[in-house]
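Trainee:
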Amino acid sequence: NAGVTQTPKFRILKIGQSMTLQCTQDMNHNYMYWYRQDPGMGLKLIYYSVGAGITDKGEVPNGYNVSRSTTEDFPLRLELAAPSQTSVYFCASRHPPGTVSLGIGNTIYFGEGSWLTVV
Amino acid sequence: ELKVEQNPLFLSMQEGKNYTIYCNYSTTSDRLYWYRQDPGKSLESLFVLLSNGAVKQEGRLMASLDTKARLSTLHITAAVHDLSATYFCAVVGGLAGGTSYGKLTFGQGTILTVHP
């Protein structure tokens, strides 16, 4: 059971380049999230998805796009990278609250993070 | 808009001492999470608090939730060096059964350093 897997772990981008951060989970979770963490700060929500084909914006969506064609995968696309997108990106997933026993249904699983630098 | 504030932001403790980290949030919620993060690492789940009055303990850490006061505390007992890390609280806005979709709003984090 791999949990939540993110790739790449590290990446350096030039200003204006594009890239996709990959996120895959093998727990059959409907809910998935992308957060970013700037130095010395808490995480902020970029986008989230409540199932295949359903996505919505979080607090800081500008400059990003997402898609959710399968339950397992939730890629995050950066178009025209800017220095302000230098950050650590975390993908997370969970079961919808209340669909499973109380203890399991409320656990949120985070990936290992992707360190992105835009120069 | 849900806002989550932690204090203190920096905490330097002596080994063996006790201290409390506070997490205040601005709107109704009955679901609060505590995480630990080591430098360069992902988040490690410590506690999930799901109702008013919930109290959970693991080793030297104990967390509680007061939904009426919109306050959670993380109490550290007899600190040891291994507890040095950054601690985050995170809140799911609204009440269970609502439409928050499990989205977390994080506090700024408390950087804890335990020294001899």
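Chains A and B, in that order, give the protein sequences. Reminder that position 30 of the first sequence reads as 30 in this note's numbering, one-by-one numbering, no gaps. All you need for this note's numbering is the position in the second sequence, starting with 1, plus 1000. Where is the CB? At the ideal position from N, CA and C, for every residue including glycine. The structure displayed is predicted, hence computed values, not measured ones.
(1) Tell me, please, whether the CB atom of proline 39 of chain A is closer than 8 Å to any CB atom in chain B?
(2) Distance, Cα to Cα, glycine 63 of chain A vs lysine 44 of chain A?
(3) Quick check on the DSSP output: the beta strand (DSSP E) that includes glutamate 1005 of chain B runs from which residue to which?
(4) Using 8 Å as the threshold, is the C-beta distance between tyrosine 35 of chain A and valine 66 of chain A below it?
(5) Compare the C-beta of glutamate 120 of chain A against all C-beta atoms of chain B and say whether one is closer than 8 Å.
(6) Using a cut-off of 7 Å between C-beta atoms, extract the partners of glycine 1107 of chain B located in chain A.
(7) Since valine 50 of chain A meets chain B, which of its residues come closer than 7 Å, beta carbon to beta carbon?
(8) Say whether chain A places a C-beta atom closer than 8 Å to the C-beta of serine 1042 of chain B.
(9) By DSSP, does glutamine 25 of chain A sit in helix, in strand, or in coil?
Mentor: Taking the coordinates as given:
(1) Chain B has no Cβ within less than 8 Å of the Cβ of proline 39 of chain A.
(2) 14 Å
(3) Taken as a continuous stretch (DSSP letters only), the beta strand (DSSP E) holding glutamate 1005 of chain B covers 1004-1007.
(4) no
(5) Given that chain A is displayed from residue 1 to residue 119, the structure contains no residue 120 of chain A and the question cannot be resolved.
(6) Within chain A, the residues whose beta carbon sits less than 7 Å from that of glycine 1107 of chain B are Gly42, listed in sequence order.
(7) Tyr1101
(8) By this cut-off, serine 1042 of chain B is an interface position.
(9) strand
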